[in-house]
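Residue numbers (the numbering used here): 2 to 422. Single-structure report; data block below.
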């Protein structure tokens, strides 16, 4: 039976692009991608509409949000169960919007638990799917490769070892580079950053990045604050300030919760919340970073850091059985060896953090060796044709090119067939 006339694709209307991201880093990439798409379309006298799931940056870039990312981005078994009704409603709002608006192409950014389900629906409707930022199928849940093979037209990956992983399995994959590797360094000088955030520019700054989700922060921040107290107590003649960036995806209540933790557990350590994580990483002498995208940001800033993470004992026991990679930190996976120290689970203690920081803070072999290895990692995150010499479009630019290529290649005959299905 055909769709009602008002829900059919209108060939005289500008095309629409569905774009979806569920977490802070993906939402950032989504906003950059929309800007790149608009620029390319405008250059050829075209336009398009954008709708999907995202956060404030994507909304500011012009994406009509059917679902806000924070409604869906929950983690942990108990949190997922508690939020299951709202997740279910959000997922079905997205499906309904896709059915009604019939986008010409869809870009799904990371967030596989929701996006693989959406990819199935998009494929059923004949809408080509670009998956940008691969889920970590190379580490675990390799059986999900079947979903990629069946529902994803193009897999665009941001780590060099991912392209051969997918190509060996028959997926049309391309290493486009890492978007963060192409960003200019933060413009604010140390003095400007200090003034903007009420910091002491003469202090030794240490950045604390516990994660972008409320649950990650609750799991990681207390031990980080304990390390801050211990380090400050062991070196009373050194004026330390600990910089705590707040992820833009945290709502005001969650930000207040972070400040309560700081007030309760910070003790005499001077812990200051800031808004710019990249600037904090660039200006800090060293950092303590929870495993995730922030470790890539830290590696790209080139300053020494320690990777930490903790999950529930049950989750960790399961992970040890199914995860098949030798490292947790992405910098180590990219380098193919242990470049930065990983303090995971029981090793994640204040004492161990302080011991690592005391190795990395002074000038010397440990600090210089890590900085040299991080510089090598930076080079590996840009494809052979570097954006720096003008030979390539950059990661976001390449994703935009592929998206428009699929949008323009979509067959009008096939569209009409699907619309009438």
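For each residue, glycine too, the CB sits at the ideal point set by N, CA and C. If you're wondering where the values come from, they're calculated on a predicted model, not measured in any experiment.
First through last residue of the beta strand (DSSP E) which encompasses residue 174: 174 to 176
At least 3 beta-carbon pairs within less than 8 Å: the stretch 182 to 194 vs the stretch 164 to 171: no
Residue interval of the beta strand (DSSP E) (run including residue 109): 106 to 110
Anticipated Cβ contact below 8 Å, residue 262 with residue 209, distance rounded: That belief does not hold up - the Cβ atoms of residue 262 and residue 209 are roughly 11 Å apart, past 8 Å.
Secondary structure of residue 246, DSSP reduced to three states: strand
Secondary structure of residue 51, DSSP reduced to three states: strand
Proximity of residue 1 and residue 203 at Cβ, strictly below 8 Å: The requested residue 1 is not part of the displayed model; the chain covers only 2 to 422.
Proximity to residue 156 [Cα-Cα], best of 133, 227, 143: 133
Beta-carbon proximity list for residue 96, same chain, < 6 Å, skipping 5 on both sides: 122
Beta-ladder partner(s) of residue 310, from DSSP: Looking at the DSSP assignment, residue 310 forms a beta bridge with 345.
Residue 92 versus 111, 67, 106, residue with shortest Cα-Cα distance: 67
Boundaries (first-last residue) of the alpha helix (DSSP H) holding residue 331: Here the alpha helix (DSSP H) through residue 331 covers 331 to 336.
Distance CB(residue 377)-CB(residue 336) smaller than 8 Å: yes
Proximity winner among 54, 46, 15, relative to residue 22 (alpha-carbon distances): Nearest of 54, 46, 15 to residue 22, Cα basis: 54.
Candidates 241, 146, 279, 267: closest to residue 247 by CA position: 279
Residue closest to residue 143, alpha-carbon to alpha-carbon, out of 372, 379, 326: 326
Given residue 308 as reference, the closest of 342, 285, 286, 40 once Cα atoms are compared: 342
Run of the beta strand (DSSP E) containing residue 14, from where it starts to where it stops: First-last for residue 14: undefined, no H or E at that position.
CB-CB length for residue 305 against residue 225, believed under 8 Å: Wrong, their Cβ atoms sit about 16 Å apart, outside the cutoff.
Identity of the residue in 267, 364, 298 nearest residue 382 by Cα: Ranked by how close their Cα comes to the Cα of residue 382, the residues 267, 364, 298 have 298 in first place.
Secondary structure of residue 251, DSSP reduced to three states: coil
Inter-residue spacing [alpha-carbon to alpha-carbon] between residue 346 and residue 201: Near 33 Å, if we compare the C-alpha coordinates of residue 201 and residue 346.
In DSSP terms, what residue 361 is bridged to: Answer by DSSP bridge pairing: none, since residue 361 is not bridged.
Secondary structure of residue 272, DSSP reduced to three states: strand
Supposed contact pair residue 170 and residue 150 - C-beta distance, whole angstroms, cut 8 Å: Confirmed, about 7 Å.
Cβ-based neighbour list, residue 129, same chain, cut-off 6 Å, excluding 5 preceding and 5 following: Only residues of its own chain outside the window of five on either side were considered, and among them 106, 154, 407 have a CB closer than 6 Å to the CB of residue 129, listed in chain order.
Inter-stretch contact at 8 Å, needing at least 3 Cβ pairs: the stretch 266 to 274 / the stretch 216 to 232: Yes, the stretch 266 to 274 touches the stretch 216 to 232.
Ordered list of beta strand (DSSP E) runs contained in the stretch 136 to 166, each at least 3 residues: 155 to 158
Best match in 62, 118, 124 for proximity to residue 424 [C-alpha to C-alpha]: Any property of residue 424 remains undetermined from this structure, which presents the chain solely from 2 to 422.
Limits of the unbroken alpha helix (DSSP H) element including residue 122: Going by DSSP, residue 122 is part of the alpha helix (DSSP H) stretching over 113 to 125.
Host alpha helix (DSSP H) of residue 26 (start-end): 25 to 44
Alpha-carbon to alpha-carbon, residue 333 and residue 340: 5 Å
First and last residue of the uninterrupted alpha helix (DSSP H) at residue 397: 396 to 410
Buried or exposed by the 16-neighbour rule on C-beta atoms within 10 Å, applied to residue 311: Buried, by the Cβ-count rule.
Neighbourhood of residue 260 by C-beta, 8 Å cutoff - its chain only, sequence neighbours within 5 removed: Setting aside the 5 residues that flank it on each side, residue 260 is surrounded in the same chain by 274, each with a C-beta closer than 8 Å to its C-beta; the list follows chain order.
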